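Residue numbers (the working numbering): 57 to 284.
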Ligand SMILES: [Zn+2]
């Protein structure tokens, strides 16, 4: 699926980027990047052709000839568009008029389709995301959008979890946030130790969710671990 056609907020994206840099949680990215997506695709094609040639593949075969272009398009438009902060989702928040005390908003079974930055192969999992609104309430779909944005770049699961948690805390202006991700790494499944059954669990929590004996933490973890 290519970059979804929801509304973007490049200005908010830039603020999120600066915030993550200040917290030491940003993905190692440089500003030496082409700004135009078509230019990025055109530049990647010959490099991927070279990789295929070196592997001994015949690029004149009609099944293979368009692969470099398909891969380049997939990198830029489909699986790594979350490197581009101009595509950051619009996250409208409304004023909170309720006292949530210790009750929280939770979005469960959010799809996590990412790629590991060490091997460029699939990370496939689900996230559970929760926060206690203070002054602001985010639309529920915004939680999914934030997960999706950070998943669409080369990732390590620990940093992905932290980036989502810190970004929700920043945008919703609340310290009380938790993110739980359970995912399979295809670099573990299909290469290396070839363990097909294992999954990786990561948790990032702030505020009330981080206190070891807190009720909200216990409830959140119960929900996250319950499965579908
Ligand atoms: Zn890997």
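By construction, the Cβ of each residue, glycine as well, lies at the ideal position given by its N, Cα and C atoms.
In this text, all values refer to a predicted model and were calculated from it rather than measured experimentally.
Taking the beta carbon of residue i as the centre, do at least 16 other beta carbons fall within 10 Å, making it buried, or is it exposed?
i	result
residue 105	buried
residue 303	Residue 303 is absent from the model: the chain starts at 57 and stops at 284.
residue 228	buried
residue 95	exposed
residue 204	buried
residue 278	exposed
residue 222	buried
residue 233	buried
residue 210	buried
Kindly indicate which residue of the options has the alpha-carbon position closest to the one of residue i.
i	options	result
residue 185	83, 219 and 73	219
residue 167	195, 199, 120 and 158	199
residue 73	63, 232 and 86	86
residue 75	225, 270 and 273	225
residue 255	98, 245, 261 and 174	245
Report the three-state DSSP secondary structure of residue i (helix, strand or coil).
i	result
residue 177	coil
residue 260	strand
residue 133	helix
Based on the DSSP output, what are the partners of residue i in its beta bridges?
i	result
residue 185	163 and 235
residue 151	192
residue 172	211
residue 250	The partner list for residue 250 (beta bridge, DSSP) is empty, contrary to what the question assumes.
residue 124	In the DSSP output, where bridge partners are listed per residue, residue 124 has none listed.
Report yes if the C-beta of residue i is less than 8 Å from at least one heavy atom of ligand 2; otherwise report no.
i	result
residue 162	The model on display carries ligand 1 but not ligand 2.
### Any residue whose CB is nearer than 5 Å to a heavy atom belonging to ligand 1, listed in chain order
That query returns the following residues: 172, 174, 175 and 243.
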